[in-house]
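One structure is given here, and the rest of the page talks about it.
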Amino acid sequence: MTFLSNGLFPFTKEQFGRELARVLSPSQTIQTPELLRGRADQLDEIRQAFYAPGRQVFIYGNRGVGKSSLAQTAAFERQSSDNTPIMVSCVPGTTCFDISQAIASRAVPSDPRQIKATVQRAAKLGFGGFGIELRAKLERGSIPKPTSLNDCCTLLEFVGATHSATPVVVIDEFDQITDKTEQANFANLVKMIGDYKVRINLIFCGIGESLDQLFNAHMSTHRYFHTVELPRLPYDPRIEIIDVAAEAMGVRVDDTSRFRIAMISDGFPHYVHLLCEKLFWSVFHAENGLTVTPALFEKALCHAVQAMQPELKRPYDLATKKYANDYEPILWAAADGDDLQRPSRDIYESYKRIMMELGKEPLAREKFNAKINNLKQTSHAEILVGSRSGWYEYREKIVRGYARLRAMQSAVQLEREHPLQMRRFGYTG
Numbered sequence: 055m056t057f058l059s060n061g062l063f064p065f066t067k068e069q070f071g072r073e074l075a076r077v078l079s080p081s082q083t084i085q086t087p088e089l090l091r092g093r094a095d096q097l098d099e100i101r102q103a104f105y106a107p108g109r110q111v112f113i114y115g116n117r118g119v120g121k122s123s124l125a126q127t128a129a130f131e132r133q134s135s136d137n138t139p140i141m142v143s144c145v146p147g148t149t150c151f152d153i154s155q156a157i158a159s160r161a162v163p164s165d166p167r168q169i170k171a172t173v174q175r176a177a178k179l180g181f182g183g184f185g186i187e188l189r190a191k192l193e194r195g196s197i198p199k200p201t202s203l204n205d206c207c208t209l210l211e212f213v214g215a216t217h218s219a220t221p222v223v224v225i226d227e228f229d230q231i232t233d234k235t236e237q238a239n240f241a242n243l244v245k246m247i248g249d250y251k252v253r254i255n256l257i258f259c260g261i262g263e264s265l266d267q268l269f270n271a272h273m274s275t276h277r278y279f280h281t282v283e284l285p286r287l288p289y290d291p292r293i294e295i296i297d298v299a300a301e302a303m304g305v306r307v308d309d310t311s312r313f314r315i316a317m318i319s320d321g322f323p324h325y326v327h328l329l330c331e332k333l334f335w336s337v338f339h340a341e342n343g344l345t346v347t348p349a350l351f352e353k354a355l356c357h358a359v360q361a362m363q364p365e366l367k368r369p370y371d372l373a374t375k376k377y378a379n380d381y382e383p384i385l386w387a388a389a390d391g392d393d394l395q396r397p398s399r400d401i402y403e404s405y406k407r408i409m410m411e412l413g414k415e416p417l418a419r420e421k422f423n424a425k426i427n428n429l430k431q432t433s434h435a436e437i438l439v440g441s442r443s444g445w446y447e448y449r450e451k452i453v454r455g456y457a458r459l460r461a462m463q464s465a466v467q468l469e470r471e472h473p474l475q476m477r478r479f480g481y482t483g
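Each residue of the sequence shown is one higher than the last, beginning at 55 in my numbering.
Structure (structure tokens):
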């Protein structure tokens, strides 16, 4: 049993775990504004957007910045209290017809008798959009896969008439839809929803490229969307996540540890939550009055790296482990500082500084250039891309944060992300 810092309330391991799950969410999507730090402006944008009938929302940004959390938080806010939001996700090969069927399937009970009753209730409410064949299939107790965009629109009308007073649907991972025909189908369906006054709110999530492809699929699609760009989490909210969780758990976190978590998280909320979770558990097991120490911080960092999702570690490991360890310092150099895109000359300067910290001789510029170009190749998981001549960035920005974690684990200090902001906090380390 461990006591909070005020010495008043004991925590068993089970109680500590439950409380930790209440204030941190490293493995689940956030669904309440209380845990959604630093996204108040974007959440308010979405609230205002839905005042316009027929308007849908598209949240876009790099992987790992919290698009799903923002979408689900907005969905639970918008959704009327007589039901819960509908969540569907795209995978490679998903079609517009698949998603429409999935939405309808989640909107009605699985019991065939209840499906039939729902159809009959919709008819009593004045919904008459079903053709004879579609209604017959529904009344037999199954949600049929639509065969046309008109069928898709009809199914969504059915959802709007039966699910709740204000039905909200989150369509996640939209960037998995790469087929141009399917992109055009979604664009046309959204237009039909607006034109036919279908009573349903859609929130799409995807990377910026998928938004461009959707808009290019139909020239007027942009009229039916409010787009919300989600950047990496600013510095202040990262600190806020740490401080609020630490206060709730009674953990004393020194300023250096707070700033190190904020820096190496690289603006990805998942990393802040994960590092705090591992750190607080390390402190709990240390039985030292719930106080963070440098040794416990390093231990927690190692645990966080080991717990990283395989899809984050895979490209990094493929780029570094098959070869002499020349590539890892280059990846750390590419993740140095705050800029997502960096010229090779700046990366090389970071690389030389890192090699000095490691007590190793840096590669000559010509060999460095060859190796950083290798990191754009399939053999190295295409972990870097050339954004323009002589400039580089991580293909997946969240992997950049993983690289910063690995650098910190190896006792390599990368450049601070917001030095002016840190000085405002009184940090001089």
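No residue lacks a Cβ here, since even glycine has one placed at the ideal position from N, Cα and C. Bear in mind that the values here come from a model prediction, so they are computed numbers and not experimental data.
- One Cα belongs to E415, the other to K406, and the distance between them is close to 8 Å.
- Look at L268 here: in three-state DSSP terms it is helix.
- As computed with DSSP, P364 is found in no beta bridge at all.
- Judged by their CB atoms, L97 and T138 are not nearer to each other than the 8 Å cut-off.
- I257 carries a strand assignment under DSSP once its states are collapsed to helix, strand and coil.
- In this structure, the CA atom of E403 is about 15 Å from the CA atom of V466.
- In the DSSP assignment, S443 is bridged to no other residue.
- Of all C-beta pairs linking the stretch 196–206 to the stretch 151–163, three or more are shorter than 8 Å, placing the two stretches in contact.
- Scanning G321, G444, T232 and A418 for the CA closest to the CA of S398 turns up G444.
- Assigned with DSSP and collapsed to three states, M273 falls in coil, not helix or strand.
- When C-beta atoms of the stretch 82–96 are compared with those of the stretch 239–252, fewer than three pairs fall below 8 Å, so the two segments do not count as touching.
- For Y402, the three-state secondary structure derived from DSSP is helix.
- Restricting attention to F65, Q363, S336 and H276, the CA atom closest to the CA of Q110 is found in H276.
- For Q360, the closest of T281, A349, A457 and V298 by C-alpha to C-alpha distance is A457.
- Under the three-pair Cβ rule at 8 Å, the stretch 331–340 does not count as touching the stretch 100–118.
- The C-beta distance from D226 to S143 rounds to 4 Å, short enough to fall under 8 Å.
- The Cβ neighbour count for V307, taken over all protein chains shown within 10 Å, is at least 16; the residue is labelled buried.
- V145 counts as exposed, since fewer than 16 other beta carbons sit within 10 angstroms of its beta carbon.
- Ranked by how close their Cα comes to the Cα of I315, the residues G343, R91, L355 and G262 have L355 in first place.
- Between the C-alpha atoms of D136 and V162 there is a straight-line separation of about 13 Å.
- Counting C-beta pairs closer than 8 Å gives three or more between the stretch 205–214 and the stretch 246–254, which meets the contact rule.
- In this structure, DSSP gives I113 an extended state, which the three-state scheme calls strand.
- Excluding the 5 residues flanking it on each side, F228 has same chain C-beta neighbours closer than 7 Å at C144, F258, C259, G260 and S264, in chain order.
- Annotation: N379 to H272 spans about 48 Å, alpha carbon to alpha carbon.
- In the pairwise beta carbon analysis, the stretch 428–446 is classified as touching the stretch 384–397: at least three pairs are separated by under 8 Å.
- Within the same chain, L74, L78 and P80 come within 7 Å of E331 by CB-CB distance, once the 5 residues on both sides are set aside.
- Residue state for E341 is assigned as coil, using DSSP reduced to three classes.
- Counting every other CB atom within 10 Å of its CB across the protein chains shown gives T235 a total below 16, marking it as exposed.
- Rounded to whole angstroms, the gap between the alpha carbons of I384 and H357 is 24 Å.
- Between E294 and R91, the gap from beta carbon to beta carbon is short of 8 Å.
- Between the C-alpha atoms of Y325 and L394 there is a straight-line separation of about 17 Å.
- Here S122 is buried, its C-beta having at least 16 other C-beta atoms within 10 Å.
- Residue burial is scored here from C-beta neighbours: P364 has fewer than 16 other C-beta atoms within 10 angstroms and is therefore classed as exposed.
- If you draw a straight line from the Cα of L350 to the Cα of P288, it is about 26 Å long.
- If you look at F422, you'll find it in the alpha helix (DSSP H) that goes R419 to N428.
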